[in-house]
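Trainee:
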Amino acid sequence: MPFNRIVWKMVKADFRKYLFYFSCNTLAVALFFLYASIFYNADVDREKQFESINYTLAVPGIALIVFIVFFVSQAHQLFIKRRKAEFGLFRTLGMTNRDVSRLLVLENLFVGILSIVAGLLAGVLFSRMFFYLMSKILGIEAVSFGLNSQMFSATIYAYAAVFTVAVCTSLYQILKKNLVDSLKSDRTAEHIALQSPLLGWIGVTVLAGSIIGLYVTYTGPNGGDYLILWTIFAFCGLYFCLSQFSDVVLQAIKRDEKLFYKHILSVSSLDYKFRQLTSTLMLITVMIMITVLYGTMILYTYQDAAQKVEDDHPYDLAFLEADGNNPQELLQEVLGNEVQTHDRLPVFTFAQQDPIAGWMNTYHLVSVEEYSRLTGDSVQLEDDEYVHHINQQLSDPLENYDFTITFPDIEGIEPYQLAETITEQDFNQLGSEFILVNQQEYDELKGKRKGIEGTLHYVNLNDWESSYDPITNLERSFDLTNKGNPSPIDGVRHEQLFHLSSKMEASVINEQTNGISFFVTAFLSVLFLIGSFVILYLNLFSGIEKEKRKFEHLHRIGLTTPEMKKAITTELIPIFFIPSITGITVALLFIIAISTDIGGILQNPEVITYFLIIALLYQSIQLVFYLYARKRMVTELM
2 MPFNRIVWKM
12 VKADFRKYLF
22 YFSCNTLAVA
32 LFFLYASIFY
42 NADVDREKQF
52 ESINYTLAVP
62 GIALIVFIVF
72 FVSQAHQLFI
82 KRRKAEFGLF
92 RTLGMTNRDV
102 SRLLVLENLF
112 VGILSIVAGL
122 LAGVLFSRMF
132 FYLMSKILGI
142 EAVSFGLNSQ
152 MFSATIYAYA
162 AVFTVAVCTS
172 LYQILKKNLV
182 DSLKSDRTAE
192 HIALQSPLLG
202 WIGVTVLAGS
212 IIGLYVTYTG
222 PNGGDYLILW
232 TIFAFCGLYF
242 CLSQFSDVVL
252 QAIKRDEKLF
262 YKHILSVSSL
272 DYKFRQLTST
282 LMLITVMIMI
292 TVLYGTMILY
302 TYQDAAQKVE
312 DDHPYDLAFL
322 EADGNNPQEL
332 LQEVLGNEVQ
342 THDRLPVFTF
352 AQQDPIAGWM
362 NTYHLVSVEE
372 YSRLTGDSVQ
382 LEDDEYVHHI
392 NQQLSDPLEN
402 YDFTITFPDI
412 EGIEPYQLAE
422 TITEQDFNQL
432 GSEFILVNQQ
442 EYDELKGKRK
452 GIEGTLHYVN
462 LNDWESSYDP
472 ITNLERSFDL
482 TNKGNPSPID
492 GVRHEQLFHL
502 SSKMEASVIN
512 EQTNGISFFV
522 TAFLSVLFLI
532 GSFVILYLNL
542 FSGIEKEKRK
552 FEHLHRIGLT
562 TPEMKKAITT
572 ELIPIFFIPS
582 ITGITVALLF
592 IIAISTDIGG
602 ILQNPEVITY
612 FLIIALLYQS
622 IQLVFYLYAR
632 KRMVTELM
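Numbering-wise (the numbering used here), the sequence shown opens with residue 2 and increments by one.
(1) Flag this pair as touching only if the segment 305-317 and the segment 421-433 have three or more C-beta atom pairs under 8 Å; answer yes or no.
(2) To the nearest angstrom, how far is the alpha carbon of Lys259 from that of Pro198?
(3) Let me check understanding here. Comparing Cα to Cα, which of Ala588, Leu624, Arg633 and Gly601 lies closest to Ile569?
(4) Can you look up Asp344 in the DSSP assignment and give me helix, strand or coil?
(5) Is there contact between the segment 293-306 and the segment 596-612, where contact requires at least three CB pairs shorter than 8 Å?
(6) In this structure, does DSSP put Glu425 in helix, strand or coil?
(7) DSSP state of Glu506, grouped into three classes?
(8) Do you know how far the Cα of Tyr469 is from the Cα of Ile593?
(9) Using 8 Å as the threshold, is the C-beta distance between His458 and Phe320 below it?
(10) Could you give the C-beta distance for Leu239 and Phe127, rounded to a whole number, given that I count them as a contact under 8 Å?
(11) DSSP three-state label for Leu603, please.
(12) Return the bridge partner residues of Gly455 from the DSSP annotation.
(13) For Phe529 and Val249, what's the separation of their Cα atoms in angstroms?
(14) Would the segment 545-556 and the segment 340-356 be scored as touching if the rule is three or more Cβ pairs under 8 Å?
(15) So for Val460, helix, strand or coil by DSSP?
(16) Terminal residues of the continuous alpha helix (DSSP H) containing Val369?
(17) Please report how far the alpha carbon of Ser186 lies from the alpha carbon of Val527, in whole angstroms.
(18) Roughly how many whole angstroms lie between the Cα atoms of Ala307 and Asn605?
(19) Compute the Euclidean distance between the alpha carbons of Val521 and Val73, then round it to the nearest angstrom.
(20) With distances taken Cα to Cα, identify the nearest neighbour of Ile599 among Ile157, Cys169 and Asp305.
(21) For Leu446 and Val380, which I take to be in contact (beta-carbon distance under 8 Å), what is that distance rounded to the nearest angstrom?
(22) Which residue marks the beginning of the alpha helix (DSSP H) containing Ile391, and which one marks its end?
(23) In whole angstroms, give me the CA-to-CA distance for Thr292 and Phe577.
(24) Please check the pair His390 and Glu434, which I expect to be a contact at CB under 8 Å, by giving their CB distance rounded to whole angstroms.
(25) Taking 7 Å as the cut-off, is the C-beta of Ile299 nearer than that to any heavy atom in the ligand SAM?
(26) Give the secondary structure of Ile579 by DSSP, where H, G and I count as helix, E and B as strand, and everything else as coil.
(27) Do you know how far the Cα of Phe479 is from the Cα of Ala155?
(28) How would you call Gly204, buried or exposed, if buried means at least 16 neighbouring beta carbons within 10 angstroms?
(29) For Gln252, collect the residues of the same chain with a Cβ closer than 6 Å to its Cβ; drop the 5 residues on either side in sequence, then sort them by chain order.
(30) Identify whether His314 lies in helix, strand or coil by the three-state DSSP scheme.
(31) Have a look at Pro471, Thr281 and Trp231 and flag the residue whose alpha-carbon is nearest the alpha-carbon of Ala209.
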């Protein structure tokens, strides 16, 4: 009989087995494509110049690739494990190793090609839907859906490489086994060499030590390197915890014989399941941990940056008008009725070389009377005194900053004395700090110091969030007017003096960088969530026939239907929720340790808020997955 007919007859004889295998590979291709649709997206690609975007894409991308490699390998191993007996039978009937290899390659080639076609179609469909839903839910419009050849080629190459390695590995294992092992392979359970409760407690100790080590070393000069080291140790400890979990629980329950014999069926079955699914549960736990940890960090960064935009821009617009640059007439001409308030601050702008760094710093000389009129703060200064207004909130104590302002090119004037340093954000950042003197000194200094006299304009709009186009038009009008004008201050670029400070522009930049990072993280988190459920679901249901026979035997010896449902529930709850609870707990401990870099978790309670939002959302979706799996399991086994 030709090989093609053999393959076709095998597919028809056990269609569900092949459908399971095909579905797994199709999902793997779709997940590859979903990630590629983000990585090679035109809007995201334009932002790869920012390190945060590359970091956001790289870390979850590596995790996703590892996950898919494991997923494809696991699906292939489950498929082949149920086929090894068939291959053993073929070899008994006279097939050579070459014939078995040819048969295996032919059927996998058939499944692989169909999976690529179906996976790409599903990936295009779901990526379009995901882009739409994520943009609407998150309110981020900076990323639009699009397709290009790189997405398809990268997906095909990546999947083909993983699939080829999985097939070659299985082929080697099949041909290496003798006939007896092949014929009884479907009745052989996964064997874990090291089984000891002591190893479980060692794992807990290693995990706890890793968290403490990260907490102590993260704020040091090599915190990033230590993060990688402690994460590796944490994963090792976590693996020992999960691999020995059933032994630890079993040992604890056996101390109470009454409790043990009452739940002996559930405990024994759960022990067997954990031994079989250790690597799967470990992978799911790590994926959940990465998702919650990374999602919390990116959400905090995004929201913190949005708040910083508000804090750094007390006014919606700010610009310097001087020497024929940025004429205020254009403001009324372009914005018109959009202007709500318009404050003006006369300044004298000059530059002074930094005595240490050597570059030119610019300062705005302002009279305290004008400053008090605009801010409402009362400041009194003598003739030889000045106030240094830094125009920003300092995160460190003031003594860490050394400010000295002198006027070396003014003859006959004694050095001024610093009366006060103001560390408040009263105005938009325009690249200059403020020097406050009284009106008499202001009039005298601006006549002797090299610089330009001008006016700072501070404008609030009726609705800055919807004023992107008018603000862009104003900026273009200023650029056209200023075009060709030289810088009026030597050593200072024209753009540095006359750029437009806009809350809208800063908000757009935040959305294009941190917003895209959050979008990508949320997108990949959905992939991790779906993938972790599917791989657990497939592992549970791949041996459904064996489970069905087990419960049929138990039913014959007196196990009632309610007791069977209770046994199923008792088995599924730990399998579904121990990985999620463990992953979320480890993520929380990592967040507490990493938060030392921003002053600690108590100084930033919003971090815990974001963590709880993501963790509760994750657990809620996991609950839905569990209820669905439980319903299917009860339906299949009853």
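Glycine included, every Cβ here is placed at the ideal spot set by N, Cα and C.
Computed from a prediction, not measured in an experiment: that's the story for all the values here.
Mentor: Reading it off the structure:
(1) yes
(2) 21 Å
(3) Arg633
(4) strand
(5) yes
(6) coil
(7) helix
(8) 39 Å
(9) yes
(10) Actually they are not in contact, since the Cβ atoms of Leu239 and Phe127 sit about 31 Å apart, beyond 8 Å.
(11) coil
(12) Ala323 and Val348
(13) 29 Å
(14) no
(15) strand
(16) Val369 to Thr376
(17) Residue confidence is low: Ser186 scores 49 on pLDDT, short of 50, so the model does not pin down where it sits. Its coordinate-derived value is still stated next. Computed Cα separation, rounded: 36 Å.
(18) 15 Å
(19) 23 Å
(20) Asp305
(21) Not quite, the Cβ-Cβ distance comes to about 17 Å (not below 8 Å), so this is no contact.
(22) It is not in any alpha helix (DSSP H) - Ile391 carries neither H nor E in the DSSP assignment.
(23) 16 Å
(24) 6 Å
(25) Ligands displayed in this structure: none; no statement on the ligand SAM is therefore possible.
(26) helix
(27) 45 Å
(28) buried
(29) Pro198
(30) coil
(31) Trp231
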